[in-house]
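**Q** According to the numbering used here, the stretch in the sequence shown is residues 97 to 641, in order.
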Amino acid sequence: MQTEQTMISVGKGSQGMCGLLPSMAMRHGLIAGATGTGKTVTLKVLAEGFSKLGVPVFLVDFKGDVSSMAKAGSMNEKLAARLTENGIDPDSFDFAGFPVRFWDVFGENGIPVRAKISDLGPDLLARLLALTPAQTGVLNIIFRVADDRGWQLIDLKDLKAMAGYVSDHRKELQNDYGTISSASAGAIVRAVLALENQGAESFFLEPDLNIRDWFTQNGGLGTINLLEASRLGQNPLLYSTFLLWMLSELYEALPEAGALDKPKLVFFFDEAHMIFDGAPKALRDKILQVVRLIRSKGVSVWFITQNPSDLDDEVLSQLQNRIQHALHAYTPADQKKLKAAAAGFRPNPQLDTLAELSALKTGQALVSFLDENGAPLPVEKVTVLPPRSSFDALSTEEIRSLEASDPMMVYYEKAVDNYSAYEALEDESEKELQAKAEEEKRIQAEKEEAAARKQAEKEEAAARKQAEKEAAAAAKAEQKRQEARSKALSSSVKRASKSAARSIGRDVGKSITRGILGSDNSTAKKAAGNFAGNLLGDLIGGLFR
């Protein structure tokens, strides 16, 4: 039995007040029980206890009923009876509200919770999306290409744009990064669309959450960070994505802490069966890794579910602080689970654990915490204390009023679409289009220049041909002129020669006639001389035709 001064009181048993030593909280815990048996009240009592110690709390709220911790409770007959049963004077019980900060992945009922694609990394993202080895290889190439080019992967449109880029440029990239299958790139886009369909575009944005913003206090009380998950719970793939990111981020961000007198942060996962029911293997592996190792970093993890069998055995074996509310066993399978739950406690000779499990009343539980040496205490039946906060959930208006006064809302409220891979690829595409346009312009200019050159050559050839034609015509005309001149000259020479020959022939003929007929000048001799001269002249002139 722990002493009240050094523990978080949970309820009263036969041996007095029963509670959890803060130094043993890093051994993690389980709150289980059927619907309506009081699990939420127990969760609130523990969360309030950690807050009073100045320990921040993170709590996933699927039903919306945990928001009531933000305001003080009030006394009623039922609470008074519960306090009296625990040996507490109702008049001495101080009701109180606690500092609650509301978060919401969708930003509807709380400060938006956002992350970057690069925070998950290719390996976790591939396992989350259940990609094949070939598809995982392409996803690794996508991340590597983006990193080599200095392009940030922030949101889903970055991832889709990069998938399209590596597919379109696979031939030029494969020498440096290996074979890239366009089918694998397409499969990645389809897997991303499944995330988009569950609203993941609201989660993968900036400003991304600095997880250390959950490690805050308010007036000496640890802040209770409440994740509103009524809508998130309807989108199991997105919920798994959020948990995988959160656990990875938390584990990587925190240094080793060693032994502490109280946790740095306590996580409560309500409706824990949702985490393991059909969850991707990547999430199961990460949860197991975190549960095993994160205790050394000062973080306590608690799972709240209906039956311990809802959790993986490897995870269940790490939960050494246990609070078990009533379980119902109506079938052989239920009875088997009941026996398994009873076997998870250290036996108490004065208590029939198996019998008590199905007979517990609402607000009663079987409890086993660790002592100061880390050994489990014998199971004990307790009546759980009432919370100091209200049972009435806050209205939407009350939540928004608290948000409005929260300085973190100012920082995280508006999403910012910073320059990232998508915008870089748009610029790249614009440059490619501009380069293509310039190349087309250059080619067109070369075509026009070639056409102009061809036209000039054609015109030059035509001009040369025309000049040659004109020159040939001129030469032909000149030749004709020369021939005409030569012909005219020849004709003139011939006429002159003929005339001279005739003259000479006449003279010769006359001389011959005188020689034959004598030299007297009788009319007969003159006529015979003229006749002979003309005849000989014509004969000689005929030789010059």
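Using N, Cα and C, we set each Cβ at its ideal position, and we do this for glycine too.
Just grab the DSSP bridge partners of Lys477 for me.
**A** Leu462
**Q** DSSP three-state label for Phe146, please.
**A** helix
**Q** According to DSSP, is Gly206 part of a helix, a strand, or is it coil?
**A** coil
**Q** Please state whether DSSP places Pro186 in a helix, a strand or coil.
**A** helix
**Q** Cβ atoms of Val478 and Ala451: under 7 Å apart, would you say?
**A** Cβ distance not < 7 Å, so Ala451 and Val478 don't count as in contact.
**Q** Between Ala557, Val480, Gly217, which lies nearest to Leu348 when the distance is taken from Cα to Cα?
**A** According to the sequence provided, residue 348 is Glu. The question's Leu does not apply to it. Checked all of Ala557, Val480, Gly217; the closest Cα to Glu348 is Gly217.
**Q** I'd like the list of long-range same chain contacts for Lys360, defined as Cβ closer than 8 Å, with 5 residues on each side in sequence excluded.
**A** For Lys360, same chain residues with a beta-carbon under 8 Å away, outside a window of 5 residues either side, are Val151, Pro152, Phe311, Leu350, Ala353, Lys393, Gly394, Val395 in chain order.
**Q** Does Tyr507 pass the burial test, meaning 16 or more other C-beta atoms within 10 Å, or should it be called exposed?
**A** It counts as exposed.
**Q** If you scan the stretch 479-512 from start to end, which runs of the alpha helix (DSSP H) of 4 or more residues do you find wholly inside it?
**A** Correct list: 492-500, 503-508.
**Q** Measuring straight from C-alpha to C-alpha, what distance separates Leu301 and Ser344?
**A** 18 Å
**Q** Please determine, among Leu249, Leu490, Lys543, the residue with the shortest C-alpha to C-alpha distance to Ser214.
**A** Leu249
**Q** In this structure, does DSSP put Trp341 in helix, strand or coil?
**A** helix
**Q** Between the stretch 253-266 and the stretch 517-527, can you find at least three pairs of beta-carbon atoms closer than 8 Å?
**A** yes
**Q** Assign Lys108 to one of three DSSP states: helix, strand, or coil.
**A** strand
**Q** Quick one: residues in its chain with C-beta nearer than 8 Å to the C-beta of Met171, no 5 flanking neighbours on either side, listed in chain order?
**A** If the five residues before and after Met171 are omitted, its C-beta is found closer than 8 Å to the C-beta atoms of Pro186, Phe189, Phe191, all from its own chain and listed in chain order.
**Q** With a cut-off of 8 Å on the beta carbons, I'd call Gln231 and Ser278 a contact; round off their distance for me.
**A** Not confirmed; about 12 Å, so no contact.
**Q** Can you grab the Cα-Cα spacing for the pair Arg577 / Glu544, in whole Å?
**A** 48 Å
**Q** If we ignore side chains and look at the alpha-carbon of each, how far apart do Ile371 and Arg442 end up?
**A** Roughly 27 Å between the two C-alpha positions.
**Q** How big is the Cα-Cα spacing for Leu456 and Gly134?
**A** 11 Å
**Q** Less than 7 Å separating the beta-carbons of Val196 and Val209?
**A** no
**Q** With DSSP as the reference, label Pro332 as helix, strand or coil.
**A** Correct three-state label for Pro332: helix.
**Q** What first and last residue would you give for the beta strand (DSSP E) that runs through Ser396?
**A** 395-401
**Q** From the DSSP output, in three-state form, read off Asp215 for me.
**A** helix
**Q** Buried or exposed for Tyr426, going by 16 or more other Cβ atoms inside 10 Å?
**A** Counting every other CB atom within 10 Å of its CB across the protein chains shown gives Tyr426 a total below 16, marking it as exposed.
**Q** Would you report the Cα separation of Asp112 and Lys382, rounded to the nearest angstrom?
**A** Correcting the residue identity first, residue 112 is Gly in this sequence and not Asp. Using only the alpha carbons, I get a separation of about 39 Å.
**Q** For Phe487, I'd like the list of residues in its chain whose CB is within less than 7 Å of its CB, leaving aside the five on either flank, ordered along the chain.
**A** Ser164, Gly169
**Q** I want to know whether the stretch 328-341 touches the stretch 126-145 - three or more CB-CB distances under 8 Å.
**A** no
**Q** What is the DSSP secondary structure of Leu225, reduced to helix, strand or coil?
**A** coil
**Q** Which residue wins for smallest C-alpha separation from Pro472, given the options Leu453, Thr492, Arg418?
**A** Nearest option by C-alpha distance: Arg418.
**Q** If you check the beta carbons only, do Phe465 and Leu116 fall under 7 Å apart?
**A** yes
**Q** Could you check whether the stretch 526-535 touches the stretch 236-247, counting it as contact only if at least three pairs of C-beta atoms, one from each stretch, sit closer than 8 Å?
**A** no
**Q** Looking at Ala130 and His424, is the spacing between their C-beta atoms short of 7 Å?
**A** Cβ distance < 7 Å, so His424 and Ala130 count as in contact.
**Q** How would you write the range of the beta strand (DSSP E) that Gln431 sits in, first residue to last?
**A** Where Gln431 is concerned, there is no enclosing beta strand (DSSP E), although the alpha helix (DSSP H) it sits in stretches over 428-439.
**Q** Please state whether the Cβ-Cβ distance between Ala128 and Pro404 is less than 7 Å.
**A** yes
**Q** Using beta-carbon positions only, say whether Glu476 and Gly109 come within less than 7 Å of one another.
**A** yes
**Q** Count Cβ pairs between the stretch 256-274 and the stretch 171-182 that sit closer than 8 Å; are there 3 or more?
**A** no
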